[in-house]
Amino acid sequence: MSRMKRTDRPYDLVLFGATGFVGTLTAEYLATHAPAELRWAIAGRDEERLRRLRDGLPGGAEPGVLRADVSDPASLRALAEHARVVATTVGPYVAYGEELVAACADAGSDYLDLTGEPEFVDLMYVRHDTRARETGARLVHACGFDSVPHDLGAYFTVRQLPEGVPLTVDGFVSADATFSGGTFASALGQFARGRQMVTAARERHRHEPRLVGRRATAPLGTPRFAPEVGAWALPLPTIDPQIVRRSAKALERYGPDFRYRHYAAVRRLPVAVGGTAAVGALFAAAQVPPARRWLSDRLKPGEGPSAAKRARSWFSVRFVGEGGGRRVCTEVSGGDPGYDETAKMFAEAALSLALDDLPETAGQVTTAVAMGDALTERLRAAGIRFRVAASR
Ligand SMILES: NC(=O)c1ccc[n+]([C@@H]2O[C@H](COP(=O)([O-])OP(=O)(O)OC[C@H]3O[C@@H](n4cnc5c(N)ncnc54)[C@H](OP(=O)(O)O)[C@@H]3O)[C@@H](O)[C@H]2O)c1
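Number 418 in our numbering belongs to position 349 of the sequence shown; there are no gaps in the numbering.
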């Protein structure tokens, strides 16, 4: 199906999970930033709450209201068939996400989500990438703080370096922020599914075509003091380095031999040691079902940091790129990473898929591959900073 054919659908964009924590922030962002001609709708499982949300949206926005539930596959197919782009916040995605990906791949609708779950992304590649390529659907995962600043930041850094030569980029993440019940539930779920994650990664590896004549790697670094950013660097095995590597595999601009390493940057050694111990303890507790249940009861889905707390939060990702005799330091930075900025990145990515003139892509694609330049410009205009800090 061509993209042109999809213009006769009732909606350009449907936001599914609009009544959740990030969903509400995203609906509010769209209400104040989407162009007036955008035909959009909010969707979720409770029509009454959706109507209340719509009535309270700023700027008198009046999106359509659609009922859909992940336990009702027909309702998800209807969503996919009624929209050119479907953006979903309904997670944990490994538990709730697949039916909608399948529906979008079948209907030729563009799909985006906020997952940070590698297992989910790998399984969706194995099961739905081929169908999405046939219908022209773009399946873009990880369109929030996971992994937009890292993927677009690495892309921005690469573009400051010479073409056609081996390149290395190291990313150093620092942030001051807290998380919501939905994110906490997803993280705990992931910690408990290490074995399934490895199995899904292997299955993807068997299906994915090999890169011929070029290399793109994302090895786990080693903990070290990194003088280039004046902080302790701890390897961060999140989904982000996998996404950056996939962008490098897809885009020639990353050169013949690209390596990305991803770190948390922590100024004080005791904080680095304490943080590592805390993540280790959470990981251990997540393996024991009663401990996992106790932990997930501490922060309920739908709850999240207050507006005041979010206003004090910030993030910065510094990149050090080298190649062809040049070295460049860049930074992507902004406000509250998990929610305000995630809602902004998510909404702008959805608007970009719906409205921008983008490279022809289909199937499972990263943000850099599907909309690198257009989304970077959108985010800059929306207040997320991309800058070159130093180069030689
Ligand atoms: N990538 C990132 O950086 C990033 C940042 C933030 C969040 N996230 C992820 O985004 C997701 C959402 O986070 P959140 O904090 O917004 O969580 P949340 O407040 O718990 O929202 C989850 C949404 O899923 C909906 N939902 C649950 N079961 C459903 C069903 N059976 N049918 C239809 N909808 C259903 C909920 O609907 P109700 O409103 O009706 O309960 C709600 O709208 C999580 O997976 C989280 O990990 C990622």
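Even glycine gets a Cβ: it sits at the ideal position worked out from N, Cα and C. As the structure is a computational prediction, the values presented were derived from the model and not from experiment.
Judged by DSSP in its simplified three-state form, D141 adopts coil rather than helix or strand. Listed in chain order, the beta strand (DSSP E) runs fully inside the stretch 163 to 238 are 179 to 182, 207 to 209, counting runs of at least 3 residues. Annotation: D115 to R136 spans about 7 Å, alpha carbon to alpha carbon. Classified as buried, R153 has 16 or more neighbouring CB atoms from the shown chains inside 10 Å of its CB.
Just so you know, the alpha carbons of A377 and A437 end up roughly 32 Å apart. According to the DSSP assignment, R271 belongs to the alpha helix (DSSP H) that extends over 263 to 276. For V139, the Cβ falls inside the 7 Å cut-off from some heavy atom of ligand 1. Residue range 395 to 403 is occupied by the beta strand (DSSP E) that includes S402. A direct Cα-Cα distance of roughly 16 Å separates S144 from Y180. Beta bridge pairing from DSSP links T435 with no other residue. Its chain contains E186, E188, F189 as the residues whose beta carbon lies nearer than 6 Å to that of V163, once the 5 sequence neighbours on both sides are disregarded; these appear in chain order. Per DSSP, reduced to three states, the secondary structure at P304 is strand. If you draw a straight line from the Cα of C173 to the Cα of A149, it is about 5 Å long.
Contact between F225 and T411 is ruled out by a C-beta separation of about 19 Å, above the 8 Å threshold. With 16 or more other Cβ atoms inside 10 Å of its own Cβ, S382 counts as buried.
Looking from the CA of G240, the closest CA among V227, P325, A256, R108 belongs to V227. Beta-bridge partners of I111 (DSSP): L84, V134. Sequence-distant partners of R78 (beyond 5 residues in either direction) whose C-beta falls short of 7 Å from its own C-beta, in its chain, are H151, A152, R153. When secondary structure is reduced to three states using DSSP, Y323 falls in the helix class. Fewer than three beta-carbon pairs drawn from the stretch 155 to 169 and the stretch 124 to 135 are found closer than 8 Å, and the two stretches are therefore not classed as touching.
Within 10 angstroms of the beta-carbon of V357 lie fewer than 16 other beta-carbons, which makes it exposed. Within the DSSP bridge table, the entry for V154 names L82, D179 as partners. The stretch 263 to 271 and the stretch 327 to 334 do not touch, with fewer than three beta-carbon pairs separated by less than 8 Å. When the five nearest sequence neighbours on each side are left out, the beta carbons in the same chain lying within less than 7 Å of the beta carbon of H197 are those of V170, A171, A174, L208, in order along the chain.
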